[in-house]
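S.K.:
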Amino acid sequence: MPSRKKAQGRQNRARKEAIRTAELRTLWEPMALCSRSNHVAVPCEHMLTAPPKIPQEGPAVSFMNRMAGEGFFNRATSFPHEQMMSTCFSLSHRFPGVREKDNEHRALVIALLLRFLRNVFVRDSAIEGELWFHQRPQIEAVLCIMIYLLELHGTFSDNELVVRRAAKTSIELMYGNRRDVAKFVAKRLPCTCLKELHRAARTKVVKVGKCYGCHKQFPRSELFVCTGCMMVEYCSRGCQRAHWSQHKECCGNPELMSRDLPKDYISKGDCTVVACN
92 MPSRKKAQGR QNRARKEAIR TAELRTLWEP MALCSRSNHV AVPCEHMLTA PPKIPQEGPA
152 VSFMNRMAGE GFFNRATSFP HEQMMSTCFS LSHRFPGVRE KDNEHRALVI ALLLRFLRNV
212 FVRDSAIEGE LWFHQRPQIE AVLCIMIYLL ELHGTFSDNE LVVRRAAKTS IELMYGNRRD
272 VAKFVAKRLP CTCLKELHRA ARTKVVKVGK CYGCHKQFPR SELFVCTGCM MVEYCSRGCQ
332 RAHWSQHKEC CGNPELMSRD LPKDYISKGD CTVVACN
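Numbering (the working numbering), first residue to last: 92 to 368.
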């Protein structure tokens, strides 16, 4: 009798898990493939390849479902910058099958995330019009950061290099605007709609960034980068000096931002990134 109850319990848990997995999948798959009939402004297929075939299960699907469970596809989710970075890094390390170089699972995740973003951009810009360009694109920025992190894992073997570069791009995207995220996706997908959105964003909003000293937003042309790390930006020398007591813990290793680093580059010494508040 007890064994029958245990078997029944396992079946119930398995059934609930299957339902939960199916629910998570609905948060990303229909938009990535644009298969919902009620989508507004059904996306075009400008020079895009056929939608990727998504297996019923596997590392890529598990990764996307885990992202859904963490709120990555929910526009209402709020990610503080430090929490977002730790969540992205932690998630990528939990799925080595997705993180490894020359991996079809990693390529599938990137393709799905890019298509998801592209379809969301086309749909939401058509619905919201002018307002879309001036809203803060936090969730879209987080998805772009995850894509970039996976791209880095597929290019470089040195983890510290990956962390530094991902951190710099996350700063630019999280404290930027629609112009930045539209450009990020448009560079990776040959879609006329995306390029038109990016061109429109360039005329409607200026490039902006955050001063890490006073935490205010400025046009990016008015900010200068710290040459000690090539990561964070400041609006003045005064802000940089005032912030030095906090920034000095994560400053250094500017060579990690060089575009000329070989793929097999190995960082020297300890250059662990510490969150700069």
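Ideal placement from N, C-alpha and C gives every residue a C-beta, glycine not left out.
1. Taking the DSSP output, what are the residues bridged to Gly300?
2. Grab me the residues of Gly319's own chain with a C-beta within less than 8 Å of its C-beta, minus the 5 sequence neighbours each way, in chain order.
3. Given this structure, state the Cα-to-Cα distance separating His172 from Arg227, to the nearest angstrom.
4. In this structure, does DSSP put Phe275 in helix, strand or coil?
5. With distances taken Cα to Cα, identify the nearest neighbour of Ser261 among Lys286, Cys282, Ile230 and Lys278.
6. Answer yes or no: do Ser381 and Leu252 have a C-beta to C-beta separation smaller than 8 Å?
7. Tell me whether the region 110 to 124 and the region 155 to 169 touch, counting them as touching only if at least three CB pairs, one residue from each stretch, are closer than 8 Å.
8. Between the alpha carbons of Val131 and Ile218, how many angstroms are there, rounded?
9. Could you pull the start and end residues of the alpha helix (DSSP H) that Phe207 belongs to?
10. Use the C-beta contact count for Ile238: other C-beta atoms within 10 angstroms, 16 or more gives buried, fewer gives exposed.
11. Under 8 Å, with one C-beta from each stretch per pair, do the region 310 to 326 and the region 288 to 295 reach the 3-pair mark?
12. Rounded C-beta distance between Arg377 and Arg197? I'm assuming under 8 Å.
13. Can you grab the Cα-Cα spacing for the pair Glu108 / Arg101, in whole Å?
14. Roughly how many angstroms lie between the CA atoms of Gly125 and Arg209, to the nearest whole one?
15. Whole angstroms is fine: what's the gap from Met175's alpha carbon to Val233's?
16. If you draw a straight line from the C-alpha of Lys96 to the C-alpha of Arg255, how long is it?
17. What is the residue span of the alpha helix (DSSP H) that Ser336 lies within?
18. Ordered along the chain, which non-local residues of its own chain (more than five positions away) have a Cβ less than 7 Å from that of Asp249?
19. In or out: Val297 buried (at least 16 other Cβ within 10 Å) or exposed?
M.R.: On the basis of the supplied data:
1. Residue numbering aside, residue 300 sits at position 209 when the sequence shown is read from its first letter. Paired residue(s): Phe309.
2. Locating residue 319 in the sequence shown gives position 228, where the first residue counts as 1. Cys342, Gly343 and Pro345, listed in sequence order.
3. Here residue 172 corresponds to residue number 81 of the sequence shown, with the count starting at 1. Here residue 227 corresponds to residue number 136 of the sequence shown, with the count starting at 1. In a straight line, the C-alpha of His172 is about 14 Å away from that of Arg227.
4. As a working note, residue 275 is residue 184 in the sequence shown. Note: Phe275 maps to helix in three-state DSSP.
5. Locating residue 261 in the sequence shown gives position 170, where the first residue counts as 1. When each option's Cα is compared against that of Ser261, the closest is Ile230.
6. The displayed coordinates of the chain run from 92 to 368. Any statement about residue 381 would go beyond what the structure contains.
7. yes
8. Position 40 of the sequence shown, counting from 1, holds the residue named residue 131. Position 127 of the sequence shown, counting from 1, holds the residue named residue 218. Note that Val131 has pLDDT 46, beneath the 50 cutoff, so the model's placement of it is unreliable and no number is given.
9. Position 116 of the sequence shown, counting from 1, holds the residue named residue 207. Counting along the chain, the alpha helix (DSSP H) containing Phe207 begins and ends at Glu195 to Glu219.
10. Within the sequence shown, the letter at position 147 stands for residue 238. Result: buried.
11. no
12. In this structure the chain extends from 92 to 368, so residue 377 is not present and cannot be described.
13. Locating residue 108 in the sequence shown gives position 17, counting from the first residue. Locating residue 101 in the sequence shown gives position 10, counting from the first residue. Straight-line Cα distance between these residues: approximately 10 Å.
14. The count along the sequence shown starts at 1 and reaches residue 125 at position 34. The count along the sequence shown starts at 1 and reaches residue 209 at position 118. At residue 125 the sequence reads Cys, which differs from the Gly that was named. Between Cys125 and Arg209, the C-alpha separation is close to 10 Å.
15. If you number the sequence shown from 1, residue 175 lands on position 84. If you number the sequence shown from 1, residue 233 lands on position 142. Spanning the two alpha carbons is a distance of roughly 7 Å.
16. By one-based count along the sequence shown, residue 96 stands at place 5. By one-based count along the sequence shown, residue 255 stands at place 164. Taking the straight line from one Cα to the other gives about 52 Å.
17. Along the sequence shown, read from residue 1 onward, the residue named residue 336 stands at position 245. Taken as a continuous stretch (DSSP letters only), the alpha helix (DSSP H) holding Ser336 covers Arg328 to His338.
18. On the sequence shown, residue 249 is found 158 positions in, with the first residue counted as 1. Contacts found: Tyr356, Ile357 and Ser358.
19. Within the sequence shown, residue 297 is the residue found at index 206, counting from 1. Exposed, since its Cβ has fewer than 16 Cβ neighbours within 10 Å.
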